[in-house]
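Taken in order, these protein sequences are the chains called A and B.
Just so we're aligned: 101 in my numbering is position 101 of the first sequence, and the numbers increase by one with no gaps anywhere.
Just so we're aligned: 389 in my numbering is position 42 of the second sequence, and the numbers increase by one with no gaps anywhere.
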Amino acid sequence: MSRFSKSILSLAFAAVATSAFAFETYKGIGRPATPAEIKAWDIDIRPDFKGLPKGAGSVSQGEVVFEEKCASCHGTFGESNEVFTPLVGGTTKDDIKTGHVKALASGDLPQRTTFTKVATISTLFDYIQRAMPWTSPKSLQPDEIYGILAYLLNLSEIVPADFVLSDKNIADIQKMMPNRNGMKTDHGMWPGAPASKGGIGNGGKPDVQAKACMKNCKTEVLIGSIMPDYARNAHGNLEDQNRNFGPVRGVKTGESTVSAPKNSPELEMATISGCMACHGLNNKIVGPGYNEIQLRYKDQTDAEDRLSRKVRAGGQGAWGSIPMPANEHVKDADAKTLVKWILSGAK
Amino acid sequence: MGNPMKIRAASKDGVTEVKVLISHEMETGQRKDSAGAVVPAWWIKELTAKHNDKIVLTSEIGSSVSKNPYLAFKFKGGAKGDKIVVTWVDNKGDTRTDEAAIA
């Protein structure tokens with residue numbers, strides 16, 4: 001360890017010892033995070049299983065939860081390619097032995113799946129806990145996640161049907177993950193020391209070598225082609241479409257068309273209720289856009305009543321084969337408000 | 348013999364929905380391998396599903412169906428605990444039968 005990093009480390013210890021240390025540097029700004037806030041934020045689960053909650057779940061428990069909360073997008077067997085790429089498939093008994101998914105190299109695979117790619121089971125637990133289900137992330141209990149994982153492992157033929165996954169045996173399962181040896185560490189994306197000095201990556205060395213030109217170098221930059229004037233504004237004002245901070249800005253190609261957006265209370269409600277994860281105002285995401293819904297139902301007098309029931313009960317078939325899950329957390333009155341808003345143009 | 352199928356069947360309001368994930372190569376016979384030789388056709392030609400001993404679905408499928416096909420269908424009737432039996436026969440004469448209980 002270099003002298004420099006030692007001094008950083010001792011600074012870090014000082015910061016831990018007096019938690020107000022960093023805070024006092026910026027007088028009058030903010031406050032130290034409370035332990036409860038840090039706990040709510042610190043949910044990551046690492047490959048060495050630091051941060052893994054205690055619990056257990058069986059394949060059959062997981063099957064019930066998966067069917068209820070996951071299967072509408074991922075398919076009953078985790079095989080569906082409709083909304084996301086498949087979770088399960090493409091791995092063999094041989095891969096479980098070697099820790100390399102052979103089909104990735106041979107190309108003998110119609111579609112890459114989660115289990116052909118992921119190297120660490122902790123990543124799956126972390127991701128499911130953090131981001132799933134799509135419409136209400138962080139709502140699953142640890143036991144449910146253990147069950148779901150056990151079910152997925154069973155579908156991948158890694159564990160038998162009567163298996164119970166828990167915090168005690170998850171490390172043994174890691175040794176059976178089909179692509180556990182497929183993760184490359186010899187690149188600059190890993191933080192910390194290079195592998196030769198006890199770290200895992202290459203010490204942050206980039207894989208591009210910007211070598212200075214020493215002879216026969218070009219002396220001036222020639223722009224080879226530019227957009228003709230009539231086409232510059234073809235996609236609207238580029239200035240509006242880029243961030244107004246950071247190193248890259250959009251060039252002003254025309255009149256600005258953006259006025260400061262103000263969200264309606266109904267849009268806020270739809271966002272909080274999780275609707276906007278799958279429906280866009282003017283575009284299809286997973287489900288239909290609100291403009292499409294308005295167009296289809298605008299002349300039907302009973303639509304408001306029927307649709308507000310459908311918001312809470314879910315449904316399938318009216319807009320294709322991807323089902324909408326039930327949304328019982330949305331109150332009856334709220335569902336009515338939302339449907340009225342959608343049918344009146346959803347602004 | 349082939350690899351086992353995964354079968355789930357659930358009955359609700361007098362209708363049973365059956366979902367089957369079949370493990371099969373489903374080679375069309377149109378592809379060539381890296382040496383230029385045609386990969387021989389190998390696909391499921393017949394599939395039947397039975398509820399207890401009564402046939403509820405028969406289908407003739409062919410080379411246009413994907414590898415490891417997924418099949419879902421519904422039929423009227425069926426009670427919890429009843430047996431669902433799915434059988435396929437492929438063009439090489441191989442066959443496989445798997446069963447599951449309605450949940």
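Glycine included, every Cβ here is placed at the ideal spot set by N, Cα and C.
Going by C-alpha distance, which of the options is nearest residue i?
i, options, result
"alanine 234 of chain A", "A:Thr253, A:Glu220, A:Pro247", "A:Thr253"
"lysine 348 of chain A", "A:Asp143, A:Lys211, A:Ala71, A:Asp305", "The requested residue 348 of chain A is not part of the displayed model; chain A covers only 1 to 347."
"lysine 54 of chain A", "A:Pro133, A:Leu124, A:Ser166, A:Glu255", "A:Ser166"
"lysine 366 of chain B", "B:Ser410, B:Asp437, B:Glu393, B:Leu404", "B:Leu404"
"threonine 114 of chain A", "A:Ala303, A:Leu149, A:Thr301", "A:Leu149"
"methionine 183 of chain A", "A:Ala119, A:Ile158, A:Val221, A:Trp134", "A:Ala119"
"valine 258 of chain A", "A:Met269, A:Gly192, A:Gly236, A:Val251", "A:Gly236"
"lysine 175 of chain A", "A:Arg249, A:Trp319, A:Thr98, A:Ala346", "A:Thr98"
"tryptophan 341 of chain A", "A:Asn291, A:Val83, A:Gly147, A:Ser58", "A:Asn291"
"valine 59 of chain A", "A:Thr92, A:Asn154, A:Gln141, A:Ser136", "A:Asn154"
"glutamate 393 of chain B", "B:Ala450, B:Val433, B:Asn350, B:Glu446", "B:Val433"
"proline 47 of chain A", "A:Ile121, A:Ala210, A:Ser264", "A:Ile121"
"alanine 450 of chain B", "B:Asn350, B:Ala356, B:Gly440, B:Tyr417", "B:Ala356"
"isoleucine 96 of chain A", "A:Ile158, A:Pro35, A:Pro228, A:Phe77", "A:Ile158"
"asparagine 350 of chain B", "B:Leu368, B:Lys359, B:Ser406", "B:Leu368"
"valine 330 of chain A", "A:Gly246, A:Ser308, A:Ala318, A:Leu140", "A:Ser308"
"aspartate 400 of chain B", "B:Gly425, B:Ala419, B:Ile391", "B:Gly425"
"glycine 76 of chain A", "A:Tyr151, A:Lys205, A:Ile170, A:Gly315", "Here residue 76 of chain A turns out to be threonine, not glycine, going by the sequence shown. It is A:Tyr151."
"proline 137 of chain A", "A:Ala313, A:Ile272, A:Gly345, A:Lys298", "A:Ile272"
Against chain B, with Cβ distances strictly below 9 Å, would residue i count as a contact?
i, result
"serine 225 of chain A", "no"
"glutamate 68 of chain A", "no"
"leucine 155 of chain A", "yes"
"serine 80 of chain A", "yes"
"glycine 89 of chain A", "yes"
"arginine 296 of chain A", "no"
How would you call residue i, buried or exposed, if buried means at least 16 neighbouring beta carbons within 10 angstroms?
i, result
"isoleucine 223 of chain A", "exposed"
"cysteine 217 of chain A", "exposed"
"valine 311 of chain A", "buried"
"proline 178 of chain A", "buried"
"methionine 132 of chain A", "buried"
"histidine 74 of chain A", "buried"
"lysine 347 of chain A", "exposed"
"valine 65 of chain A", "buried"
"threonine 363 of chain B", "buried"
"threonine 135 of chain A", "buried"
"lysine 27 of chain A", "exposed"
"threonine 442 of chain B", "exposed"
"histidine 398 of chain B", "buried"
"proline 288 of chain A", "buried"
"glutamine 61 of chain A", "buried"
"arginine 243 of chain A", "exposed"
"glutamate 63 of chain A", "buried"
"serine 411 of chain B", "exposed"
"histidine 371 of chain B", "buried"
"aspartate 437 of chain B", "buried"
"proline 160 of chain A", "exposed"
"glutamine 129 of chain A", "buried"
"aspartate 42 of chain A", "exposed"
Compare the C-beta of residue i against all C-beta atoms of chain A and say whether one is closer than 9 Å.
i, result
"tryptophan 389 of chain B", "no"
"arginine 462 of chain B", "There is simply no residue 462 of chain B to check, as chain B begins at 348 and stops at 450 in what is shown."
Mind listing the chain A neighbours of residue i? Cutoff is C-beta to C-beta under 8 Å, in chain order.
i, result
"serine 413 of chain B", "Pro110"
Listing by chain order, which chain A residues have their CB less than 7 Å from the CB of residue i?
i, result
"lysine 366 of chain B", "Thr76"
Does any CB atom of chain C fall closer than 9 Å to the CB of residue i?
i, result
"proline 53 of chain A", "The displayed structure is made up of protein chains A and B, and chain C is not among them."
| request: Report the residue ranges of all beta strand (DSSP E) runs contained in full by the region 218–294 of chain A; include only those spanning at least 3 residues, in chain order. | output: none
| field | Every unbroken alpha helix (DSSP H) inside the region 90–143 of chain A [4 residues or more] | value | 93–98, 102–106, 114–117, 121–131
| message | Quick check on the DSSP output: what are the complete alpha helix (DSSP H) runs of length 4 or more inside the region 158–186 of chain A, in order along the chain? | response | 170–174
| Mind pulling the alpha helix (DSSP H) runs of 4 or more residues that sit fully within the region 38–93 of chain A? | 59–69, 71–74
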